[in-house]
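Heads up, the thing below is written out as structure tokens.
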Amino acid sequence: MTAMLNVVWLQSGGCGGCTISLLNSDSRDLFGSLKAAGLCFLWHPALSEESGAEALEVLERCASGAERLDILCVEGSLLRGPRGTGRFHMLAGTGLPMTDWVRRLAAQARHIVAIGSCASFGGITAAGANPAEACGLQYEGELPGGLLGPRYRSQSGMPVINVAGCPTHPGWVTDSLMAIAMGSLGGGDLDEFNRPRLYTSHLVHHGCNRNEYYEFKASAEKPSDLGCLMENMGCMGTQAHADCNIRLWNGSGSCVRGGFACVRCTEPEFEEPGHPFARTPKVAGIPLALPTDMPKAWFIALSALSKSATPKRVRDNAVADHQVVVPQTKKPGPR
Amino acid sequence: MTRLVVGPFNRVEGDLEVTLDIADGLVRAAYVNSPMYRGFEEILVGKDPFDALVFAPRICGICSVSQSTAAARALAQAMNIEMPENGERAANLVLAAENLADHLTHFYLFFMPDFARNAYAGRPWHPSVKTRFAAVKGSATTDALPARAGFLAIMGYLAGKWPHTLAIQPGGSSRSVEEAERIRVCALLIEFRGFLERRLFGDRLEAVTALDSEPALRSWMKQRPPAASDFRLFLEIADDLALGRLGRAGDRFLSYGAYPLQGKPLFGRGVWDDGMAPFDPANVTEDPTFAWMDGPGKPLHPSEGVTRPHAEKADAYSWCKAPRLAGKTMETGALARQMVDGLPLIRDLVAASGGNVRNRVIARLLEIARVVPAMEQWARALKPGEPFCRQGPFPDDASGVGLAESARGSLGHWLTVSRGRIQNYQIVSPTTWNFSPRDAAGMEGPLEQALVGTPVGDAERVPLAVQHVVRSFDPCMVCTVH
């Protein structure tokens with residue numbers, strides 16, 4: 005391992021949930037292993053000892069270039085309001101908008117990592133009329149731009165690395181930081197929204213434990229039903245890029261395993277789906293948003309066929325909150 | 003008189019700035035500024051009422067389930083729907099998991115590391131505290147984080163994920179539980195109890211909750227050396243630094259009551275103001291005088307509350323409005339919950355020395371010891387096969403109030419729905435109560451009161467005692483500045 009990389013973490017227009025999620029890591033020794041991987045946290049607002057003036061000294065040393073800044077992590081959206089002044093978040097003790105601090109530090113950083121969908125794209129704070137003028141570091145929703153502008157590149161030549169998710173999975177953060185530390189995260193390892201492919205090369209649908217219900221289009225109709233959440237309950241797991249049902253959350257969970265829809269929280273503009281989150285928009289009874297990489301006509305034809313072939317067990321269980329028909333043990337037959 | 007602006011405060015959730023007027027080594031006046039505005043109350047207007055279940059938890063990553071709970075209860079009141087027993091137990095388990103994980107995070111990661119600072123070198127307890135509690139590096143971090151993550155595996159079973167679950171519904175939980183999962187949740191609780199009894203308390207949980215007076219606590223202390231457990235070590239520090247004389251606010255306490263089951267909460271609802279009184283939600287107001295907020299300029303009940311930011315407002319100094327109960331400030335949090343519920347040790351401690359840094363921390367830790375046995379009962383009593391969630395239609399025009407207790411105190415959501423859309427949504431969070439600015443009458447908020455009289459050393463740029471007082475409230479600024 006080469007020299008330690010200096011990491012500074014800032015929080016702005018978000019909920020702090022990505023840090024809280026990071027602490028849910030299933031590592032036996034989270035900070036010890038990050039350190040062993042070559043990552044040295046100079047300052048993290050929720051964890052470090054330094055407060056007030058001591059903390060500002062660390063930031064000032066990095067912003068002025070006196071201290072090397074290898075990785076700048078930003079959690080939370082950047083609040084440009086009101087009217088572009090940035091006053092909706094003045095970094096305490098400095099009288100300066102947080103957006104100014106982020107611009108100064110971004111100019112020095114070797115890598116910059118957006119932690120969560122807010123810092124990546126604006127996220128939940130950008131919903132509705134976006135009263136706080138929230139945006140991401142390098143995106144405003146789906147549009148390149150954001151606080152730093154589309155042409156921004158960090159000292160390494162990389163754009164902002166968007167570890168999107170609401171919140172992020174602890175593994176997405178630790179894997180991305182470790183990949184940077186190992187020098188193995190290059191431009192080709194990011195997807196079209198500059199998210200690390202190490203977690204966005206899968207769909208939330210992959211590994212979904214409701215897959216049998218999906219195959220037979222046996223759908224849940226109300227919260228706590230066991231069936232597929234796509235047809236009625238607003239689930240967008242077939243279009244959301246993330247490995248939530250492969251990696252799992254808090255040991256054994258995921259949104260669909262919790263009985264509720266995937267709201268595609270790793271995607272830009274997830275906060276404004278254009279319909280109530282927990283209700284699937286339909287035209288003539290057919291969900292509007294079908295899997296993107298197959299012809300709609302085929303999907304509908306296959307659905308009709310599979311619905312007509314649905315076993316009673318699957319059909320009945322789909323609309324119950326426990327298995328009312330359990331899989332049968334095969335009766336012993338002649339050998 | 004000199005003026006000191008302190009911020010950013012590390013190890014509080016979100017950004018915080020405190021301005022102190024200091025004379026003769028003591029804080030004479032404090033002004034608490036929540037320096038961020040996000041606008042959730044504006045964002046929610048016009049949305050489908052159920053969308054509140056997606057937005058509310060995202061107000062805060064550390065009180066996420068509390069926000070969900072308040073939103074679900076506001077919707078439930080509007081729908082006139084109640085949870086089945088399984089739903090109540092599952093929802094209680096999920097909220098308790100969040101609240102206890104937050105208490106643990108606060109103690110191990112946010113509060114205790116300040117005593118490991120070099121400024122305390124020379125104190126008899128400092129070497130062991132430094133080894134155990136130094137920020138990030140201390141051995142406690144390596145102990146407490148895996149214990150916390152293991153405990154939060156409960157969320158994997160009951161909530162899908164944490165933070166930001168959608169499992170808490172007005173009619174119960176979207177996550178039904180199978181028999182094998184019920185057993186695994188019980189197993190996780192057994193493991194967590196083991197950590198608490200070995201490391202945090204060094205004693206059985208039941209032995210800790212049985213301590214019923216200050217003398218009983220003192221004799222428990224004397225029976226074991228400071229290094230016997232983390233709680234014991236804290237008590238040693240608290241005595242040496244007189245934390246029981248630091249950070250006293252108004253000694254008026256508010257709790258909305260926590261963990262209901264069949265109409266009865268585990269911890270009761272009420273107000274302590276020189277004795278118990280019932281809580282009347284009609285008496286809650288928010289005063290915008292010193293907040294960067296436009297509006298009618300007078301205190302309003304949250305059901306009529308207005309949120310219109312005005313960054314240039316003269317004399318304002320925070321994004322936080324000033325909540326009052328019948329015109330009075332209220333302290334809220336674990337200490338308030340246990341005062342209102344009447345836990346003998348807490349009543350005794352507060353009778354002797356009021357709400358202060360030591361008593362707030364003791365109440366938080368005792369609450370962990372009280373809630374884990376309740377969680378064990380809820381988990382054992384889950385009945386796979388019986389309903390977890392009731393359903394019902396949502397009326398086109400309705401209103402509802404959702405009251406919940408998060409780790410750091412009383413949280414309320416006030417919802418009005420008109421023609422099937424949210425017409426008004428007002429949130430009054432615990433730290434809004436505790437870190438309130440002054441009101442029109444000039445009455446300071448609880449932290450502002452608590453900081454008056456706090457000692458400040460000559461050379462201190464970030465006064466340590468001030469930090470202890472601030473962190474003793476376990477503030478959540480991101481909730482405050484929703």
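Line by line, the protein sequences give chains A and B. Quick note on numbering: the first sequence equals residues 5 to 339 in our numbering. Quick note on numbering: the second sequence equals residues 3 to 484 in our numbering. Virtual Cβ for every residue (Gly too), placed ideally from N, Cα, C. Just so it is clear, the structure is predicted and the values come from calculations on it, not from any experiment.
For a cutoff of 8 Å on Cβ pairs, would you count residue i as touching chain C?
{"i": "E180(B)", "result": "Any reference to chain C falls outside this structure, whose protein chains are A and B."}
Is the CB of residue i under 8 Å away from at least one CB in chain B?
{"i": "T172(A)", "result": "no"}
{"i": "P272(A)", "result": "no"}
{"i": "V117(A)", "result": "no"}
{"i": "S25(A)", "result": "yes"}
{"i": "T178(A)", "result": "no"}
{"i": "E146(A)", "result": "no"}
{"i": "L252(A)", "result": "yes"}
{"i": "G190(A)", "result": "no"}
{"i": "H93(A)", "result": "yes"}
{"i": "V267(A)", "result": "yes"}
{"i": "P86(A)", "result": "yes"}
{"i": "L292(A)", "result": "no"}
According to DSSP, simplified to helix, strand and coil, what is residue i?
{"i": "N166(A)", "result": "strand"}
{"i": "L384(B)", "result": "coil"}
{"i": "D275(B)", "result": "strand"}
{"i": "T287(B)", "result": "strand"}
{"i": "R13(B)", "result": "coil"}
{"i": "V294(B)", "result": "The amino acid at residue 294(B) is misidentified as Val; the sequence shows Trp. If DSSP states are grouped into helix, strand and coil, W294(B) belongs with coil."}
{"i": "T296(A)", "result": "coil"}
{"i": "K315(B)", "result": "coil"}
{"i": "M5(A)", "result": "Model confidence at M5(A) stands at a pLDDT of 45, short of 50, so the residue's coordinates are unreliable; what they give is reported in the following sentence. In this structure, M5(A) counts as coil in the three-state DSSP scheme."}
{"i": "F113(B)", "result": "helix"}
{"i": "V329(A)", "result": "coil"}
{"i": "H115(A)", "result": "strand"}
{"i": "R30(B)", "result": "strand"}
{"i": "W253(A)", "result": "strand"}
{"i": "W416(B)", "result": "strand"}
{"i": "W2(A)", "result": "Since the first residue shown for chain A is 5 and the last is 339, residue 2(A) is missing from the structure and cannot be characterised."}
Could one say the Cβ of residue i lies closer than 8 Å to chain A's Cβ atoms, at least one of them?
{"i": "L191(B)", "result": "no"}
{"i": "W164(B)", "result": "yes"}
{"i": "F475(B)", "result": "no"}
{"i": "T107(B)", "result": "yes"}
{"i": "C322(B)", "result": "no"}
{"i": "M114(B)", "result": "no"}
{"i": "F135(B)", "result": "no"}
{"i": "S412(B)", "result": "no"}
Should residue i be labelled buried (16 or more other beta-carbon atoms within 10 Å of its own) or exposed?
{"i": "P163(A)", "result": "buried"}
{"i": "Q332(A)", "result": "exposed"}
{"i": "P45(B)", "result": "First, the amino acid is wrong: residue 45(B) is Ile here, not Pro. By the neighbour-count rule (16 or more Cβ atoms within 10 Å), I45(B) is buried."}
{"i": "I290(A)", "result": "exposed"}
{"i": "K323(B)", "result": "buried"}
{"i": "L248(B)", "result": "buried"}
{"i": "G379(A)", "result": "Within the shown structure, residues of chain A are numbered from 5 to 339, placing residue 379(A) beyond reach of any answer."}
{"i": "T242(A)", "result": "buried"}
{"i": "I424(B)", "result": "buried"}
{"i": "L292(A)", "result": "exposed"}
{"i": "T296(A)", "result": "exposed"}
{"i": "S258(A)", "result": "buried"}
{"i": "I304(A)", "result": "exposed"}
Taking residue i and residue j to be in contact with their CB atoms under 8 Å, please state how far apart those CB atoms are, rounded to whole angstroms.
{"i": "T284(A)", "j": "H245(A)", "result": "That belief does not hold up - the Cβ atoms of T284(A) and H245(A) are roughly 19 Å apart, past 8 Å."}
{"i": "G175(A)", "j": "G162(B)", "result": "That belief does not hold up - the Cβ atoms of G175(A) and G162(B) are roughly 16 Å apart, past 8 Å."}
{"i": "L213(B)", "j": "L347(B)", "result": "5 Å"}
{"i": "L83(A)", "j": "S124(A)", "result": "Between S124(A) and L83(A) the Cβ distance is about 15 Å, and since that is not below 8 Å, they are no contact."}
{"i": "Y427(B)", "j": "E43(B)", "result": "6 Å"}
Looking at C-beta atoms only, is the number of pairs between the stretch 245-255 of chain B and the stretch 265-283 of chain B that lie closer than 8 Å three or more? Yes, since at least three Cβ pairs between the stretch 245-255 of chain B and the stretch 265-283 of chain B fall closer than 8 Å, the two stretches touch.
Pairing CB atoms from the stretch 325-339 of chain B with CB atoms from the stretch 32-46 of chain B, are three or more of them under 8 Å? No, the stretch 325-339 of chain B is not in contact with the stretch 32-46 of chain B.
Counting pairs of beta carbons, one from the stretch 366-376 of chain B and one from the stretch 96-114 of chain B, are three or more of them closer than 8 Å? As far as the Cβ criterion goes, the stretch 366-376 of chain B touches the stretch 96-114 of chain B, which means the pair count is three or higher.
If you pair each beta-carbon of the stretch 67-87 of chain B with each one of the stretch 160-171 of chain B, do three or more pairs fall below 8 Å? These segments touch.
Can we say the stretch 134-151 of chain B touches the stretch 30-46 of chain A, given the rule of at least three CB pairs closer than 8 Å? Yes, since at least three Cβ pairs between the stretch 134-151 of chain B and the stretch 30-46 of chain A fall closer than 8 Å, the two stretches touch.
I'd like to know if the stretch 230-241 of chain B and the stretch 442-462 of chain B are in contact, where contact means that at least 3 CB-CB pairs between them fall below 8 Å. Segments in contact, no.
Should the stretch 199-212 of chain B be regarded as contacting the stretch 119-138 of chain B, the criterion being three or more beta carbon pairs within less than 8 Å? Three or more beta-carbon pairs separated by less than 8 Å are not found between the stretch 199-212 of chain B and the stretch 119-138 of chain B, which leaves the two stretches without contact.
On the three-pair Cβ rule with 8 Å, is the stretch 226-233 of chain A touching the stretch 197-209 of chain A? Here the stretch 226-233 of chain A makes no contact with the stretch 197-209 of chain A; the two share fewer than three CB pairs at distances below 8 Å.
Assess, as a yes-or-no matter, whether the stretch 314-325 of chain A is touched by the stretch 61-73 of chain A under the definition of 3 or more beta carbon pairs within less than 8 Å. Per the Cβ contact rule, the stretch 61-73 of chain A is not in contact with the stretch 314-325 of chain A (fewer than 3 Cβ pairs under 8 Å).
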